[in-house]
Amino acid sequence: MKREEKNMLMRQQIIKSAIAEFGLNSYGEGSLNAICKKGNISKGIIYHYFKDKDELYLACVKECFNSLTTFLKSENISFNNVEEAIEKLLDLRHQFFKENPDFGNIFTNALLQPPKHLLKEIKEIKAELDKFNINFYEQVLENVNLKSGVSREEAIEDFLIFQESFNYYFHNKVYGDFRKLFTEHELKLGNLLKIMFYGIAKEDTEK
1175 MKREEKNMLM RQQIIKSAIA EFGLNSYGEG SLNAICKKGN ISKGIIYHYF
1225 KDKDELYLAC VKECFNSLTT FLKSENISFN NVEEAIEKLL DLRHQFFKEN
1275 PDFGNIFTNA LLQPPKHLLK EIKEIKAELD KFNINFYEQV LENVNLKSGV
1325 SREEAIEDFL IFQESFNYYF HNKVYGDFRK LFTEHELKLG NLLKIMFYGI
1375 AKEDTEK
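Just so it is clear: in the sequence shown, position 1 is 1175 by our numbering, and no numbers are missing.
Here it is in structure tokens:
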């Protein structure tokens, strides 16, 4: 086996062990010693491939967000019905995190309770998922007759404000169990998305 392949496999092994650790614990609670134990890896090996805990944590966050975005993009979502499109998206998210349970905690921590000194890096990592969400919203709007006085641009801006406000709400909630926080986040997301879409849609009686 070539050196490049060995390096890649070792790096993947370290990330896999780190995902298992951060899948149970937040960034602050996560331990390099625990990662070493889970993967039967020396701390020296970890520092050979990653500068510090920050870099390793960000690698896990990147793996989580990239995997979720790739999965969502690979699935077909029909936009003929607003409610069905939202349900499909939420079902896909549920399926992904059910198949990748460790990612649920990593996703929740990075999105809702991120380490303050890593905010910039995490924002860059989740940029592709943000683009996917905006594109999803734009496609839904193609099949929605907007209320009088509501432009497509305003609706998109409202969505971005909603997204930031929604995440900020959860950012300020303190939970001992991040899995409960994740579950509540996903449940409320579906309900509020429907409320928001129907709030901008033209009613049957509106001419």
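Even for Gly, the Cβ is constructed at its ideal location relative to N, Cα and C. Only a predicted model underlies this, so the values are computations on that prediction, with no experimental measurement involved.
The Cβ neighbour count for leucine 1334, taken over all protein chains shown within 10 Å, is under 16; the residue is labelled exposed. Inclusion of phenylalanine 1306 and phenylalanine 1270 in the CB contact set at 7 angstroms is not warranted, their separation being larger than that value.
Leucine 1334 sits in a helix when the DSSP states are folded into three classes. DSSP places asparagine 1255 in no alpha helix (DSSP H); its state is neither H nor E. DSSP, read as helix, strand or coil, puts leucine 1198 in coil.
If you draw a straight line from the Cα of isoleucine 1189 to the Cα of arginine 1267, it comes to about 22 angstroms. In the DSSP annotation of this structure, the continuous segment of the alpha helix (DSSP H) that includes valine 1235 starts and ends at 1227-1248. Below 8 angstroms, enough C-beta pairs join the region 1230-1241 and the region 1293-1300 to call them touching: three or more.
In the DSSP annotation of this structure, proline 1288 is not part of any alpha helix (DSSP H), being labelled neither H nor E. In the DSSP secondary-structure assignment, leucine 1367 is not bridged to any residue. Within the region 1299-1335, the alpha helix (DSSP H) runs of at least 4 residues that lie entirely inside it are, in chain order, 1301-1315. When the alpha-carbon of histidine 1222 is set against those of Lys1176, Val1314, Met1182, Phe1281, the nearest one is in Met1182. Counting the other CB atoms within 10 Å of its CB gives isoleucine 1369 a total below 16, which places it among the exposed residues.
Lysine 1225 and leucine 1285 have their C-alpha atoms roughly 23 angstroms apart.
A distance below 7 angstroms separates the beta carbons of phenylalanine 1196 and glycine 1204.
Boundaries of the alpha helix (DSSP H) around leucine 1206: 1206-1213.
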